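**Student:**
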Amino acid sequence: MAVGTPAAGGRARRPPPSAGSVLDRDRRKLYIPFLVPALLLYLAFVIAPSVAALWISFHRWDGVSDMEWHGLGNYVALLSDTVFHTALVNTLVILVVAGGAIFVVSFAITMLIREMRGRKFVRSVLFFPHIVSAIVLSIVWGFLFQYNGVVNAILGALFGTGPIPWLDDANLFPMILLGTVWLSTGLYVTIILAGVDRIPAYFYEDALLAGANAFQRLRHVTLPLSWDVITVAATFWTISSLKIFEFIYAFGGTTADLPPPAVWNSALFVYGESFGGRSPSYLFGYASASAMLMLALFSVLVVVLRRVLRRDPVEF
Amino acid sequence: MPAGRRPARPGRAVGTALVWALVLFNLAIFAFLLIASFRTTAEIFDRPWGLPTTLHLENWVRAWTESGFARATLNTVALALAGAVTATVVSAPAAYALSRVRTRSAGPLSVFFVLGLGIPAHVTVIPLFAMMADIGLVNSLFGLYVLYSATHVPFTVFLLTGFFRSLPADVEEAAALDGATAWRSFWQIMLPLARSGILTVLILNIISIWNETLLGLVFLQSAENYTLSLALLNFMASMQFSGADYGSLFAGVCILVIPMVVLYVWFGRRLVEGITMGSGK
Amino acid sequence: MRYRPRVKTATALLATAVLGVTLAGCSSGDGGGSGGGETFTYWSMWQESEPQGKVVAAAIADFEQETGVDVQVEWQGRDNVTKLVAALRSGDVPDLIDQQYFTIKNAIVRGDQFTDLTDVYDMPIPGEEKTVRDVVPAKYDAFTTTDDGAHFLVPYEIIAYTIWYDAARLPEVAAEPPQTWEEFTQVLAASKAAGRNPLALDADIAGYAEYWTSTALVRALGPGGLRALVAQPDAAGWDRPEVRDAIGEVAQLAANDWFIPGYDSSKFPAVQTRWAQGEADFLYMGSWAPTETGSVAGPDVEYRSFNFPTFGTDDSLPASAIGFAIPKAAENADVAKRFMAYFLNADRLSKISTEANNLTPRTDLPVPPQLADANELVSTKELNPITDGVLGEFSDFDKETFQPLSAQLLTGDITAEAFIEQVKARQIDYWKAHG
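Chains A, B and C supply the protein sequences, listed in that same order. Mapping the first sequence onto my numbering, position 93 (from 1) lands on 94, and the numbers just tick up by one. Mapping the second sequence onto my numbering, position 54 (from 1) lands on 689, and the numbers just tick up by one. Mapping the third sequence onto my numbering, position 239 (from 1) lands on 393, and the numbers just tick up by one.
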């Protein structure tokens, strides 16, 4: 990061007052024209549809006929819909369990590869799943772990074990969690490594001299000084985990089929209630209501998260 | 980075071994995809870990010609480039304005743009569909291009605003002293300075659009409009009646993955820097 | 140095503009036809390289030649109706579409978006003396008519759902196929005792698991019984003893370990493939089974099938129909209708049977040997919509409750009691929410 950014008031050289304010005034003229294109696109294709989704959630609608006012009916129905409950729980499990695992694993890997030879190579290879389409990863994951797939073949050859039902009903969601952790770890290793790298060496030296062991160094040096980055990463994960769709979607039997509702998350629920499956439900009002509920929930979560994680910035 | 060497501990050794195992796993998967694309389905299941006896190039041919991957590649390249460029072209000035202009609305507007990051596509897809259908832009690559550009604006504005803020103000001040207007200052000073950031966000956007599936699924109906993700899904669907053809499937997968790997190998350093730049502020 | 950024940016902008325009030019809706001549658009459920796709393509080519009509075909694949619903908003709909009857019914009959095809039934078939009605007898009306008696579908392929096996490996079954459920379970037990895997099922496709439970319930309750059961807001019918018995019998299949190992953790079409290669004896599947598994089947496989065994008196044949339909907003409905009649001509339609190896509504066409049993059943038994129509009429309930619970029952994850308990509770919730 550009450490040398001068703070707003403290410039090394004070320019004559006129230049700064001329530039400022000039910039002010550009303010609106520079903003308008982005703002327009954003309003038209992101904000407006979100507001519209809210509007639709108060109706019954199959996409073709007229919308039928339904008040809070969709929301009430959602509260007693077991499939929605499952989707909600799954989304939260992904957030907390997969997220927790990702952070622990990423942190561990970060601390390990900091002093490794070839750390850049390791980081690059771990990052690889992030640039590959989640559909591909899901196809590969399913292919590897199916009953007569590669993993069982190798396990059988190496250890003589019988085939393990990795993808049966009970194991499917844990496998999805595992896959999510695998494909996200690289990104978070990269982010956390960047934050940890910025910690100057003398802090660690001081800690060593004071007799701190590895765990104490982690707790008292690494964590506090990279807190900024951790906060950003945690917020980013919270937002991203809600959007996970492709990885789970491709676990359906065929492309015309959705995966079983037991592994649905919020995005799949929306898709499943609207367009998805061999015989789509076309329940657009219902689907929109579920999306709104999840959005509200996650907004609250993000705000709470930022509040919980907020600390006074440590200057160094 | 701590100076000096620390004595190797068993815990660290185990950890390091595990990390290398993970690295090996990722590499093995990529190698497997590549190798499997040259084998037949029977071979893959018989000896998953073997090398191909003969190079079954017909897998690639089949994926490329019969399954529409050729056309899909063209579509996806066009969409990714056009969408990423448009999003960046539209967002860079906005990010500049938000980072440099001191007005009361700059702060709240920045937050407003960041809000968009948190809105998932599946929330907006239904009304978007209704809207696009009403103006006749469904099943149209142009319509999808507009959507991709617009939906990548929040991320691009977010990243570039942070980036512009981190650039030194002196150069512009100095240019202002020499009589440069803000307009020229933007084009001739800021943009060159911001080149690396812009390149990074361009590549990130290209990758994101390349891999995007949900909007493509909903908005594209004709096979000739398919993007690579859709072509892959379509190929999987066709395996149902023509029998499992994993060789060709993996050839298709490689067509989808290899360009991204090439892009990543070429620009990887920038990508990583770009992500850290956004997060380290 | 000063000018380079400007040039670069300008180039980028120009490139974007060019790309944008190219995309606009490349974007296609359903393709305008040539000005002047007649034309219609057809969104096919088939892929172009599929056997049925080839048969339809050949018929289209002949039609174009004989009538001069320009046909625009999109080989959409199985999603074609979902895409149609998407297109209904913009009014830019294809003229002709085909799918399984329940998918079409669910999509365009519900919202009254279909064209009444009753007049097509009176049309003469080109090249023959017969009308469409003559070759598509009334027994298919269950699949082609709305509640008001209007025809929304002209069928050209019939699907029978039967239990398939390889007669070359199981000659004793071929000689005397089991008729009742008891006979069937005896055959299964004998197969298991002989060291084979009696049953195959790709359990990751919940729809296939549903075939077992829904057909068992139809056997117990008679045609229409399951549909009536699902339509009850208080789900009281699930407590009836015959329902419990039927579900219990199906649960026994998994409990007795009669399914091939790994059926619950494989990815389709792995288990179906293994069945075709002789690793399992029986597969309950639609009449597309021989075609789908033909390329991977072992040599000398002799495909034969028999009707789902009876519990009591009901021996109806679960079936479905694939046919043509026309959305209401179609602009070239008349031409499309003519093509429908054209396609039903004996010479053209017979290729569905001989080349695509599927059954047709016509009884006067040759039938490939592997479909002989199924054809016999179609001719003699009462036809009942697969899943008793629940798949089409209550698709949301089916997808979220009945299918997944059936899959869990067939994989032994839940007991029969748990199945009934949960299906009752969720059915009550469903009607409260969407009634």
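Every residue gets a Cβ at the ideal spot worked out from N, C-alpha and C, and that includes glycine. Just so you know, these numbers come straight off a predicted model, no measurement behind them.
1. In chain A, which residues lie less than 7 Å from I251(C) when you measure between Cβ atoms?
2. Check whether chain A comes within 7 Å of S182(C), counting only Cβ atoms and requiring the distance to be less than that.
3. List, in chain order, every chain B residue whose beta-carbon is nearer than 8 Å to that of K208(C).
4. In whole angstroms, what is the alpha-carbon distance linking L119(C) and F465(C)?
5. Return no unless some Cβ of chain A is closer than 7 Å to the Cβ of A587(C).
6. In this structure, what does DSSP give as the bridge partners for G851(B)?
7. One question on the structure: do Q557(C) and A424(C) come within less than 7 Å of each other, judged by their Cβ atoms?
8. Taking only beta-carbon atoms, is R243(C) less than 7 Å away from chain B?
9. Output, in chain order, the set of chain B residues within a Cβ distance shorter than 7 Å of E311(C).
10. Relative to the alpha-carbon of D198(A), which residue among G286(A), T111(A), Y283(A) has its alpha-carbon at the smallest distance?
11. On a CA-only basis, which of R428(C), T367(C), S419(C) is nearest A400(C)? Give me that one, please.
12. Would you mind sorting H757(B) into buried or exposed? The rule is 16 or more other CB atoms within 10 Å of its CB.
13. Can you check DSSP and say which residues form a bridge with I251(C)?
14. Would you list, in chain order, the members of the region 272 to 283 of chain A that have their beta-carbon closer than 8 Å to a beta-carbon of chain C?
15. With A354(C) as the anchor, note down where its beta strand (DSSP E) starts and where it stops.
16. Taking D273(C) as the reference, which of I480(C), T517(C), K535(C), A579(C) has the closest Cα?
17. In the DSSP assignment, the alpha helix (DSSP H) including S560(C) goes from what residue to what residue?
18. Can you tell me the Cα-Cα spacing of I192(A) and P130(A), whole angstroms?
19. Strictly below 8 Å CB to CB, what residues from chain B border I140(A)?
20. Give every residue of the same chain whose Cβ lies closer than 7 Å to the Cβ of S181(C), excluding the five residues on either side of it in the sequence, and list them in chain order.
21. Do I574(C) and W335(C) come within 7 Å of each other at the CB atom, strictly closer than that value?
22. So that I know if they touch, is there some Cβ in chain C lying closer than 7 Å to that of A768(B)?
23. Let me know if T848(B) comes out buried or exposed under the rule of 16 or more other beta-carbons within 10 Å of its beta-carbon.
24. With DSSP collapsed to three states, give me the class of H86(A).
25. Step through the CB atoms of chain C and report whether any lies within less than 7 Å of the CB of A831(B).
26. Just tell me which of R287(C), W200(C), S203(C), M439(C) has its CA closest to the CA of Y457(C).
27. Which residues in the same chain as L271(C) place their Cβ atom closer than 6 Å to its Cβ, once the five residues preceding and following it in sequence are excluded?
28. Please state if the CB of D356(C) and the CB of F422(C) are separated by a distance shorter than 7 Å.
29. Closer than 6 Å by C-beta to F204(A): which residues in its own chain qualify, once you throw out the five before and the five after it? Chain order, please.
30. Against N149(A), what residues of chain C qualify as contacts under a CB-to-CB distance less than 9 Å, listed in chain order?
31. Tell me the DSSP bridge mates of S474(C)?
32. Would you please verify whether the beta carbon of Q201(C) is less than 7 Å from any beta carbon of chain B?
33. Under 8 Å by Cβ, that's how I've got Y189(A) and S139(A) pegged, so tell me the actual separation to the nearest angstrom.
34. Report the option in D880(B), F667(B), V760(B), M895(B) whose CA atom is closest to the CA atom of L852(B).
35. Look up L537(C) in the DSSP assignment and give the residues it is bridged to.
36. From A713(B), P762(B), A730(B), pick the residue whose C-alpha is nearest to that of R243(C); which is it?
**Tutor:** Quick answer:
1. Locating residue 251(C) in the third sequence gives position 97, where the first residue counts as 1. Neighbours of I251(C) on chain A: none; closest Cβ ~15 Å, over 7 Å.
2. Taking the third sequence and counting its residues from 1, the one referred to as residue 182(C) is at position 28. Only weak support exists for where S182(C) lies, its pLDDT of 42 falling under 50; the coordinates are left without a value.
3. As a first step, residue 208(C) must be located in the third sequence, where it is residue number 54. Those within 8 Å of K208(C) in chain B number zero; the least Cβ separation is about 12 Å.
4. The shown model of chain C, from 155 to 589, leaves out residue 119(C), and the question about it has no answer.
5. What you label residue 587(C) is simply residue 433 of the third sequence in a count that begins at 1. It does; some Cβ of chain A falls within 7 Å.
6. Residue 851(B) sits at position 216 when you count from the first residue of the second sequence. DSSP, once it has assigned bridges, lists no residue as partnering G851(B).
7. Indexing the third sequence from 1 puts residue 557(C) at position 403. Indexing the third sequence from 1 puts residue 424(C) at position 270. No, the pair does not count as a contact, with Cβ atoms beyond the cut-off.
8. Your numbering for residue 243(C) matches position 89 in the third sequence. By this cut-off, R243(C) is an interface position.
9. For the purposes of this step, residue 311(C) is identified with residue 157 of the third sequence, where counting begins at 1. Under the 7 Å cutoff, chain B gives no residues; its nearest Cβ is about 13 Å from E311(C).
10. Start at 1 with the first residue of the first sequence, and residue 198(A) comes out as number 197. Ranking G286(A), T111(A), Y283(A) by Cα distance to D198(A) puts T111(A) first.
11. As a working note, residue 400(C) is residue 246 in the third sequence. Closest by alpha carbon: T367(C).
12. The count along the second sequence starts at 1 and reaches residue 757(B) at position 122. H757(B) comes out buried.
13. Start at 1 with the first residue of the third sequence, and residue 251(C) comes out as number 97. W197(C), A479(C).
14. G273, E274, F276, G278, R279, S280, P281, S282, Y283
15. The residue labelled residue 354(C) in the question sits at position 200 within the third sequence. Here the beta strand (DSSP E) through A354(C) covers 351 to 354.
16. Residue mapping note: residue 273(C) aligns to position 119 of the third sequence, counting from 1. Among I480(C), T517(C), K535(C), A579(C), the Cα nearest to that of D273(C) is on I480(C).
17. Taking the third sequence and counting its residues from 1, the one referred to as residue 560(C) is at position 406. Taken as a continuous stretch (DSSP letters only), the alpha helix (DSSP H) holding S560(C) covers 557 to 564.
18. Counting from 1 along the first sequence, the entry for residue 192(A) is found at position 191. Counting from 1 along the first sequence, the entry for residue 130(A) is found at position 129. Going by the C-alpha atoms only, they are around 15 Å apart.
19. In the first sequence, residue 140(A) corresponds to position 139, counting from 1. The contacting residues are L867, M871, L884, V888.
20. Stepping through the third sequence from its first residue, residue 181(C) is reached at position 27. Residue confidence for S181(C) is low, a pLDDT of 43 falling below 50, so the modelled location carries little weight; the figure read from the coordinates is stated next. No residues qualify anywhere along the chain.
21. To locate residue 335(C), count along the third sequence from 1; it is residue 181. To locate residue 574(C), count along the third sequence from 1; it is residue 420. Not in contact: W335(C) and I574(C) (Cβ atoms no closer than 7 Å).
22. The count along the second sequence starts at 1 and reaches residue 768(B) at position 133. Closer than 7 Å to some Cβ of chain C, the Cβ of A768(B) qualifies, so yes.
23. By one-based count along the second sequence, residue 848(B) stands at place 213. The residue is buried, with at least 16 neighbouring Cβ atoms inside 10 Å.
24. Counted from its first residue, the first sequence places residue 86(A) at position 85. Correct three-state label for H86(A): helix.
25. Position 196 of the second sequence, counted from the first residue, corresponds to residue 831(B). It is Ser, not Ala, that sits at residue 831(B) in the sequence shown. By this cut-off, S831(B) is not an interface position.
26. Here the question's residue 457(C) lines up with position 303 in the third sequence. Minimum Cα distance to Y457(C) is reached at M439(C).
27. Counted from its first residue, the third sequence places residue 271(C) at position 117. Same-chain partners within the cutoff: H305, V308.
28. Within the third sequence, the letter at position 268 stands for residue 422(C). Within the third sequence, the letter at position 202 stands for residue 356(C). It is a contact, given that the beta carbons lie within the stated cut-off.
29. As a working mapping, residue 204(A) is identified with position 203 in the first sequence. So the qualifying residues of the chain are V222.
30. Indexing the first sequence from 1 puts residue 149(A) at position 148. Under the 9 Å cutoff, chain C gives G416, S420, A424, R428.
31. Along the third sequence, one-based indexing puts residue 474(C) at 320. Answer is I313(C).
32. Residue mapping note: residue 201(C) aligns to position 47 of the third sequence, counting from 1. Closer than 7 Å to some Cβ of chain B, the Cβ of Q201(C) qualifies, so yes.
33. Looking up residue 189(A) in the first sequence gives position 188. Looking up residue 139(A) in the first sequence gives position 138. About 20 Å separates the two Cβ atoms, so there is no contact after all.
34. Your numbering for residue 852(B) matches position 217 in the second sequence. Comparing Cα positions, the closest option is V760(B).
35. Numbered from its first residue, the third sequence carries residue 537(C) at position 383. DSSP output for L537(C) lists L471(C) as bridge partner(s).
36. If you number the third sequence from 1, residue 243(C) lands on position 89. Among A713(B), P762(B), A730(B), the Cα nearest to that of R243(C) belongs to P762(B).
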